[in-house]
Each structure stands twice: as structure tokens, then as C-alpha cells.
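First residue of the sequence shown? That's 1 in full-length UniProt numbering, and the numbers climb one at a time after it.
Beta carbons: idealized from backbone N, C-alpha and C, even for Gly.
All remarks here apply to the structure that follows.
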Amino acid sequence: MASPLYHKYCSKCGTATEQLGQYCRNCGNCVLGQAEEDDALSYKPPSLVKHTDALPGSFSPYSGCFEIEEQAQTITITKKGGNAWATAWMTDPMKISDICYFEVELKQNLSGCLGFIQKPEGFMASGSPLCLTHLHGDDGHCGKQNGVWTCVLTGAGNFRTTPAAGRPGPAPKAKDKLGFLVDFFSNRIILYVNGKRHGTMCSGIREIKGGIVFALSVSAAGHAFIINRDAKLPPETEQLRRTLQAQQDFIERACGRLELKAREVRQLKQAREIDEATLQAAIKERDALRRRLAEFEAAGSTASEPQFAPKASATTPESCK
1 MASPLYHKYC
11 SKCGTATEQL
21 GQYCRNCGNC
31 VLGQAEEDDA
41 LSYKPPSLVK
51 HTDALPGSFS
61 PYSGCFEIEE
71 QAQTITITKK
81 GGNAWATAWM
91 TDPMKISDIC
101 YFEVELKQNL
111 SGCLGFIQKP
121 EGFMASGSPL
131 CLTHLHGDDG
141 HCGKQNGVWT
151 CVLTGAGNFR
161 TTPAAGRPGP
171 APKAKDKLGF
181 LVDFFSNRII
191 LYVNGKRHGT
201 MCSGIREIKG
211 GIVFALSVSA
221 AGHAFIINRD
231 AKLPPETEQL
241 RRTLQAQQDF
251 IERACGRLEL
261 KAREVRQLKQ
271 AREIDEATLQ
281 AAIKERDALR
291 RRLAEFEAAG
301 STASEPQFAP
311 KASATTPESC
321 K
């Protein structure tokens with residue numbers, strides 16, 4: 001019976017599978033194969049959790065209305081100037097092979113939007129080349145129409161996704177720590193409030209072309225946030241991670257045994273092929289000997305019968321008369 005293995009690349013779209021599961025993360029095509037296809041397959045087990053990544057990139061205040069202080073692990077961002085809407089977002093999209101978790105600590109009650117957008121290709125100015133159009137939770141505009149909110153948490157306590165209508169969410173207040181678990185394995189973003197899971201913000205994030213980045217849009221002057229780009233995972237998520245790691249260890253051991261069995265099968269098949277070749281050679285030699293024997297017997301059947309000497313006469317000797 002053939003053993004299930006993983007193709008290195010999807011046969012439908014060509015995406016590298018990285019053995020992350022039985023279906024291609026790009027097109028959903030099954031990437032399992034059979035043991036006979038050794039040249040195109042790998043015994044590497046599927047990785048349930050590759051690793052937990054920190055929030056990548058830097059915060060880019062395209063509107064010029066933010067004061068940003070970046071350190072190794074934290075980013076402090078403060079709205080400056082008058083009460084006018086301004087928007088900023090991270091420069092680098094999140095890797096779709098990772099789980100990313102980070103926290104945003106509020107210095108005041110949230111008056112604006114926090115969430116995720118498709119990485120913009122540009123922006124539309126309003127009055128100044130550096131004044132970015134507001135990322136509004138209702139209309140989804142992010143400078144250009146193709147840079148809409150993927151999902152957003154508003155200061156009024158609503159989740160909004162594009163193009164879905166708003167639904168109830170937490171009302172963020174001063175000193176709250178909002179944790180965002182961007183999980184490309186389960187294909188969703190989960191919100192935590194002060195270390196406790198609140199719920200799923202949105203799903204289907206793997207299908208967003210160009211990747212997603214974290215963004216914020218605020219109006220009030222002095223509004224401040226501290227972003228911990230590599231925060232400690234919430235307890236339940238850490239427990240889940242340990243469980244997944246235990247499952248991963250089991251899968252690796254099972255795949256090791258599978259590889260050993262497959263190697264034994266190949267060796268037995270090779271031995272059987274050798275035995276078959278030896279048997280065929282013996283049969284061929286036997287048939288040749290049979291032909292030679294038949295030829296010899298055919299030649300011997302035309303020879304004359306052997307001649308024997310005649311028997312002596314039974315007459316009575318003279319002396320006995």
C-alpha cells in the first residue's frame with residue numbers, strides 16, 4: 001500500500017507547499033502524493049506552527065502628523081498637531097507562514113480606528129502631498145480604494161470588515177492592552193483584551209493579495225499608543241502552542257517511522273527484482289538445456305541397432321561318441 005507524502009510544489013499553481021498541510025495555501029489544491037513518486041516528494045512532516053514572529057517593519061507616518069519613537073521591542077506613537085484625522089501603517093506585510101502576536105497599549109480611550117489593511121500601493125493627498133486621506137471604518141477608504149480595511153476595531157466598540165457591516169466589539173479605554181493574534185494557520189485574526197481572548201476579528205486573511213499590515217487612524221491631538229511588537233503570548237495561546245508542538249513531535253516521529261517503512265519496502269522490492277532476475281536466468285538456462293537434450297535425442301533415434309556375436313553350435317564332440 002502506497003504511503004501518503006507531501007509534494008514540494010503544488011501541481012496546480014506551482015506554490016511551494018513547505019509541507020504546511022495537505023492543501024495548497026494559495027489555491028487549495030491537495031498536495032499529497034504517493035510513495036512511488038520519490039523524485040518529486042519529501043518525507044518532511046507538515047509544520048503546524050512554524051514559529052511566532054514579531055510585528056515586522058517600521059511605522060510610517062505618511063501624513064506627517066505623528067511623533068514616533070521606535071526601540072527594539074516597542075513603538076511609541078503620538079498624534080501631534082490639531083484635531084484632524086491622520087493615518088499611519090506598518091511598512092512590511094506579515095509573513096503568511098507565521099503566527100504574529102503583538103499588543104497595543106492605549107494611553108487614552110480610543111478615539112479612532114485600529115486594525116489591518118491590505119498593503120497600499122499608494123495614497124491620495126488631501127490639501128498636501130503628505131496629508132493622507134483618513135482610513136475611515138465606515139467607507140473603508142485607505143487613500144486609494146484598493147487599500148481598504150481588512151478588519152478594524154473602532155473607538156465606538158464595533159468590529160468592521162470590508163464589505164461586511166459592523167458588529168459589536170469591546171469599547172477600548174485608557175490603559176487597555178489590545179492583543180492581536182494574526183494566525184495564518186487558522187486563517188484569522190483574534191483579538192485579546194488585557195490578556196483575555198475576546199473573539200475573532202476577521203477570517204480569510206491568507207487570500208488577501210499583497211499581504212496585510214497593521215494600521216491606525218486617529219483625530220485627537222495627543223492621542224498616544226505603545227506598541228509591543230513582540231509581546232508574550234496569552235496563556236491559552238501558549239498552552240495551544242505547546243499542544244501543537246506535542247502534536248508536531250508525534251507527527252515527526254510518525255513520519256520517521258513512515259520513512260523507515262518506505263525504505264524497507266524499497267529494499268524488499270529491490271531484492272524481489274533481483275530474485276526475479278535470478279529466476280528468469282535459471283529458467284532461460286533450463287530451457288536451453290531442454291533444447292539441447294531434445295536435439296540429442298532426435299539425433300540418436302536414427303542410429304542402427306547394436307550387432308551381437310552369434311551363439312555357438314550345440315553339436316556333440318567326436319570324442320564323446
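Count the other CB atoms within 10 Å of the CB of residue i; is the residue buried (16 or more) or exposed (fewer)?
i              : result
arginine 266   : exposed
leucine 289    : exposed
cysteine 30    : exposed
threonine 278  : exposed
lysine 269     : exposed
residue 338    : Because the chain here runs from 1 to 321, residue 338 falls outside it and cannot be looked at.
isoleucine 283 : exposed
leucine 55     : buried
leucine 293    : exposed
glutamate 103  : buried
cysteine 27    : exposed
alanine 231    : buried
residue 323    : The question about residue 323 has no answer here: the residues shown for the chain are numbered 1 through 321.
Helix, strand or coil for residue i? Go by DSSP, reduced to three states.
i                 : result
threonine 76      : strand
residue 323       : Because the chain is modelled from 1 through 321, residue 323 falls outside the range shown and cannot be assessed.
residue 324       : As displayed, the chain neither begins before 1 nor continues past 321, which places residue 324 out of reach and without an answer.
leucine 258       : helix
isoleucine 283    : helix
phenylalanine 184 : coil
isoleucine 251    : helix
leucine 106       : strand
glutamine 71      : coil
leucine 233       : coil
isoleucine 274    : helix
valine 31         : coil
lysine 177        : strand
leucine 293       : helix
According to DSSP, what are the bridge partners of residue i?
i             : result
tryptophan 89 : Ser60, Ala215
serine 203    : Arg188
cysteine 10   : Answer by DSSP bridge pairing: none, since cysteine 10 is not bridged.
arginine 197  : Tyr192
arginine 167  : Phe159
glutamine 118 : Ile212
cysteine 113  : Thr154, Ser217
If we ignore side chains and look at the alpha-carbon of each, how far apart do residue i and residue j end up?
i              : j                 : result
serine 217     : threonine 243     : 37 Å
alanine 174    : threonine 76      : 15 Å
isoleucine 99  : leucine 181       : 7 Å
leucine 32     : lysine 12         : 12 Å
aspartate 183  : threonine 237     : 11 Å
glutamate 69   : phenylalanine 159 : 28 Å
asparagine 83  : cysteine 65       : 10 Å
glutamine 108  : glutamine 239     : 32 Å
threonine 78   : isoleucine 226    : 9 Å
proline 172    : leucine 110       : 6 Å
glutamate 191  : leucine 260       : It is leucine, not glutamate, that sits at residue 191 in the sequence shown. Cα to Cα, leucine 191 sits roughly 43 Å from leucine 260.
leucine 233    : glutamate 264     : 43 Å
serine 219     : serine 58         : 21 Å
glutamate 105  : threonine 161     : 22 Å
aspartate 176  : valine 193        : 7 Å
threonine 74   : glycine 195       : 18 Å
proline 207    : glutamate 273     : It should be pointed out that residue 207 corresponds to glutamate in this sequence rather than to proline. So the two alpha carbons sit approximately 48 Å from each other.
arginine 229   : arginine 257      : 40 Å
proline 72     : alanine 271       : For the sequence presented, residue 72 should be read as alanine rather than proline. The alpha-carbon atoms of alanine 72 and alanine 271 are separated by roughly 60 Å.
cysteine 10    : aspartate 249     : 25 Å
tryptophan 149 : glutamate 67      : 23 Å
arginine 286   : alanine 298       : 18 Å
cysteine 255   : alanine 262       : 10 Å
glutamine 245  : serine 60         : 36 Å
arginine 291   : glutamine 280     : 17 Å
cysteine 24    : glycine 81        : 48 Å
For residue i, verify whether its CB is less than 6 Å away from any heavy atom of the ligand ADP.
i          : result
glycine 81 : The model depicted lacks the ligand ADP and carries no ligand whatsoever.
Quick check on residue i - is its C-beta less than 7 Å from some C-beta in chain D?
i          : result
leucine 55 : Included in the structure is just one protein chain, with no chain D present.
- Query: If we count Cβ pairs, one from each stretch, closer than 8 Å, do we get three or more for the stretch 174 to 187 versus the stretch 201 to 208?
  - Reply: Output reads yes: the stretch 201 to 208 touches the stretch 174 to 187.
- Would you check if the stretch 207 to 217 and the stretch 77 to 96 touch, i.e. whether three or more CB-CB distances between them fall below 8 Å? Taking a cut-off of 8 Å on C-beta distances, the stretch 77 to 96 touches the stretch 207 to 217, as three or more cross pairs fall below it.
- Mind the definition here: the stretch 108 to 115 touches the stretch 149 to 158 only if three or more C-beta pairs lie below 8 Å; say whether that holds. For the pair of segments examined, the stretch 108 to 115 was found to touch the stretch 149 to 158: the number of CB pairs separated by less than 8 Å reaches three.
- Message: Using a Cβ distance threshold of 8 Å, determine whether the stretch 73 to 88 contacts the stretch 163 to 178, with at least three qualifying pairs required.
- Response: No, the stretch 73 to 88 does not touch the stretch 163 to 178.
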